[in-house]
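Have a look at the structure below, then the notes.
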Amino acid sequence: MKNLKPYKECSSVFLDDVLKAKNISKKDPEYKKRVEILKPSVKKEYLTFETEHTANNLASLTTAGYVGQDKIDLLKLYKYDNSVIQKLNEEVTTLEGNRLINTCQNCTINEINSLDHIVPKDEFPEFAVNPRNLFPSCSKCNGHKSYVWRENKRSVFLNLYLDNLPEEQYLFCSPKFDADKITLRFTVENRFGIEQNLFGLIENHYKRLHLPKRFRKNSHDTIYELSKEINKYKDKISKDELIKTIKEDIVEEKKYYGFNYWKAIIKETLIDDKTYLTLMFN
Ligand SMILES: [Zn+2]
């Protein structure tokens with residue numbers, strides 16, 4: 000899991016550009032004119048969004064209350080394949096060194112194939128195309144997010160534009176061995192003093208997106224990869240040397256994919272596990 004950098008440019012101009020890029024349909028030739036009328040009031044809402052975004056306090060937003068045709072028109076602004084929205088997607092998923100991320104950072108399992116509305120568009124249609132409200136995501140995470148996004152004026156999901164991920168380990172896994180079959184159980188724990196509010200958010204995020212279960216279900220490829228690597232080299236270099244090399248790779252993997260990247264956590268746990276080592280080296 001990595002933090003992404005939020006859109007830097009003016010969000011009002013972004014709104015103008017999204018509208019410009021929309022095709023006028025014959026069925027509804029007046030669409031753009033209606034949105035033009037709504038734009039000044041939507042842009043005012045953008046200013047409030049901006050303030051709360053800067054304070055990382057989006058959960059305290061109150062809805063402008065667009066209903067009926069206005070709501071339909073605002074929601075219609077959002078389309079994943081709108082060229083301006085796709086440009087935004089590309090921009091925020093490009094990390095330093097022009098590295099393009101194509102994996103959903105909410106889960107780090109699936110490919111990005113949608114944009115998640117951090118503040119839900121059904122409740123806040125005014126932010127349907129606010130660029131700092133759009134976070135690249137997979138449809139599975141998007142589906143799990145549904146409508147519950149805050150409780151008692153606090154977000155229940157990490158906003159990976161704003162909530163800085165800690166370097167401390169909070170994702171743990173414990174292996175269970177049944178003959179040569181390995182099953183893993185993932186937990187989120189605050190063993191290293193992560194600030195309480197941030198940890199609560201992490202815990203909620205992982206729980207509500209069912210990440211421990213999704214990691215477990217997807218873990219077999221990583222277990223296989225590690226075993227394959229050990230089998231490939233165990234007769235060529237010493238056990239200690241091999242373990243050292245694997246651990247060095249894990250450090251690099253964590254730097255690249257995030258300190259609590261689940262695949263790195265799997266490898267790190269197994270390579271330190273006596274039963275696993277006995278299984279692999281005997
Ligand atoms: Zn996802």
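Numbering follows numbering that gives the first Met the number 0, with no gaps: position 94 of the sequence shown is 93.
Idealized CB from N, CA, C, for every residue including glycine.
Between the CA atoms of residue j and residue i - distance to the nearest angstrom
i: Lys86; j: Lys42; result: 21 angstroms
i: Tyr205; j: Val34; result: 38 angstroms
i: Lys4; j: Pro130; result: 12 angstroms
i: Tyr260; j: Lys26; result: 48 angstroms
i: Lys7; j: Glu95; result: 15 angstroms
i: Glu122; j: Lys70; result: 10 angstroms
i: Val250; j: Thr244; result: 10 angstroms
i: Ala127; j: Asp220; result: 37 angstroms
i: Tyr169; j: Phe48; result: 31 angstroms
i: Ile181; j: Ala63; result: 52 angstroms
i: Ile36; j: Glu29; result: 11 angstroms
i: Lys238; j: Asn281; result: 11 angstroms
i: Asn101; j: Ile111; result: 6 angstroms
i: Glu44; j: Leu183; result: 46 angstroms
i: Pro124; j: Lys1; result: 28 angstroms
i: Ser218; j: Asn105; result: 17 angstroms
i: Glu252; j: Ile265; result: 12 angstroms
i: Asp80; j: Lys144; result: 21 angstroms
i: Gly199; j: Asp177; result: 34 angstroms
Cβ-based neighbour list, residue i, same chain, cut-off 6 angstroms, excluding 5 preceding and 5 following
i: Asp16; result: Val83
i: Glu167; result: Phe191, Ile193
i: Asn88; result: Pro135
i: Arg153; result: Ala58
i: Asn109; result: Cys103, Cys137, Lys139
i: Met279; result: Ile229
i: Phe156; result: His204
i: Glu267; result: Ile249
i: Ile222; result: Ile181
i: Thr186; result: Phe171
Residue i: CB within 8 angstroms of a non-hydrogen atom of ligand 1
i: Lys139; result: yes
i: Ser145; result: no
i: Leu133; result: no
i: Ile108; result: yes
i: Leu159; result: no
i: Leu208; result: yes
i: Asn203; result: no
i: Ser301; result: Given a span of 0 to 281 for the chain in the structure shown, any question on residue 301 remains unanswerable.
i: Cys172; result: no
i: Cys344; result: Nothing about residue 344 can be reported from this structure: the residues present for the chain run from 0 to 281 only.
i: Asn105; result: yes
i: Ser136; result: yes
Own chain residues within Cβ distance below 7 angstroms of residue i, not counting five before or after
i: Leu99; result: Thr92, Thr93
i: Leu241; result: Ile229, Tyr232, Lys233
i: Thr61; result: none
Nonlocal neighbours in the same chain, by C-beta distance under 8 angstroms from residue i, ignoring five residues either side
i: Lys31; result: Leu18, Lys21, Ile23
i: Asn158; result: Asn55, Leu57, Ile117, Phe134
i: Ile270; result: Leu225, Ile242, Ile245, Lys246, Ile249, Leu276
i: Lys38; result: Leu14, Asp15, Leu18
i: Asp179; result: Leu278
i: Arg215; result: Thr182, Leu183, Arg184, Phe185
Check: residue i C-beta below 8 angstroms from any heavy atom of ligand 2
i: Ile71; result: Absent from the structure shown: ligand 2. Ligands present: ligand 1.
Runs of beta strand (DSSP E) wholly within the segment 42-118 (minimum 3 residues, chain order)
113-116
3 or more residues per run - each beta strand (DSSP E) lying fully within the segment 14-40
none
Quick one: complete beta strand (DSSP E) runs, 3+ long, within the segment 147-203?
170-177, 180-187
Which parts of the segment 195-260 are runs of the alpha helix (DSSP H), unbroken and 4 residues or longer, counting only runs that do not cross its ends?
195-207, 210-217, 219-232, 238-256
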